[in-house]
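Single-structure report; data block below.
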Amino acid sequence: MGIMMTAVSAGAAFLWVQIYLLKFLKTLITLLPIGIAMRAFPFTRGAGAAIIALICGLHILYPLLIVFEKNMVSNDLEELHGSLSIGLTGAGLIASLLTLSFPIVSGLLFAATVIYAIIELLPFIIYVVLIVAIFLPVLNFTITFAFMKDFARLLGGEIDVSSLTKLL
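Read in numbering that gives the first Met the number 0, the sequence shown has 154 at position 155, and its numbers run on one by one without any break.
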């Protein structure tokens, strides 16, 4: 149970970082005119291209990937939640019928119901923590960094993303 709570906490931390990063990236569009102005002069053309690529990648592509991710994940979460509620309702119905028939068994049935609930929750927690909270944000960052690097090269600049990807 402790390992499961640690994993859920780590997943929640990843999602909070993603929310605050999106709030920060919302204000990043103010640097676009600076990048365009720097791109106009020959001696700052590379830096201007890098700024434009950063803005396009982080302000346009990254939120777009999160929207795509939400559309992919929402159907899966609804399916998992629906099967979970059906399973727990059936287990509760069986436990209440047996408890009314045999009052001595109620403690054992409570423990069995808790264990059953944990086993039923396990696929949901694994999906949410590993896939939704950790794997998909890392995939989004990887796609965004690859886009920024290639887009900067297309504009005539260069972004060294390899040092940023070491942080991930």
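Ideal Cβ placement from N, Cα and C applies to all residues, glycine included. Computed from a prediction, not measured in an experiment: that's the story for all the values here.
Proximal residues to residue i (C-beta, below 8 Å), its chain only, five neighbours per side dropped
| i | result |
| --- | --- |
| residue 57 | 24, 27, 143 and 147 |
| residue 124 | 3, 6 and 7 |
| residue 36 | 47 |
| residue 1 | none |
| residue 74 | none |
Same chain, Cβ closer than 6 Å to residue i, five either side skipped, listed in chain order
| i | result |
| --- | --- |
| residue 132 | 10, 13 and 14 |
| residue 67 | none |
Supposed contact pair residue j and residue i - C-beta distance, whole angstroms, cut 8 Å
| i | j | result |
| --- | --- | --- |
| residue 65 | residue 139 | 6 Å |
| residue 119 | residue 45 | About 55 Å separates the two Cβ atoms, so there is no contact after all. |
| residue 134 | residue 55 | In fact, because the Cβ distance is near 24 Å, the residues do not count as touching under 8 Å. |
| residue 62 | residue 21 | 6 Å |
Same chain, Cβ closer than 7 Å to residue i, five either side skipped, listed in chain order
| i | result |
| --- | --- |
| residue 127 | 10 |
| residue 43 | 37 |
| residue 60 | 143 and 146 |
| residue 155 | 44, 45 and 48 |
| residue 72 | 131 |
| residue 16 | none |
Count the CB pairs spanning the segment 47 to 57 and the segment 30 to 37 that are closer than 8 Å, and state whether there are at least three. Segments in contact, yes.
Could you tell me which uninterrupted alpha helix (DSSP H) segments, each at least 4 residues in length, are contained entirely in the segment 6 to 83, listed from first to last along the chain? Whole alpha helix (DSSP H) segments, 4+ residues: 31 to 39 and 44 to 54.
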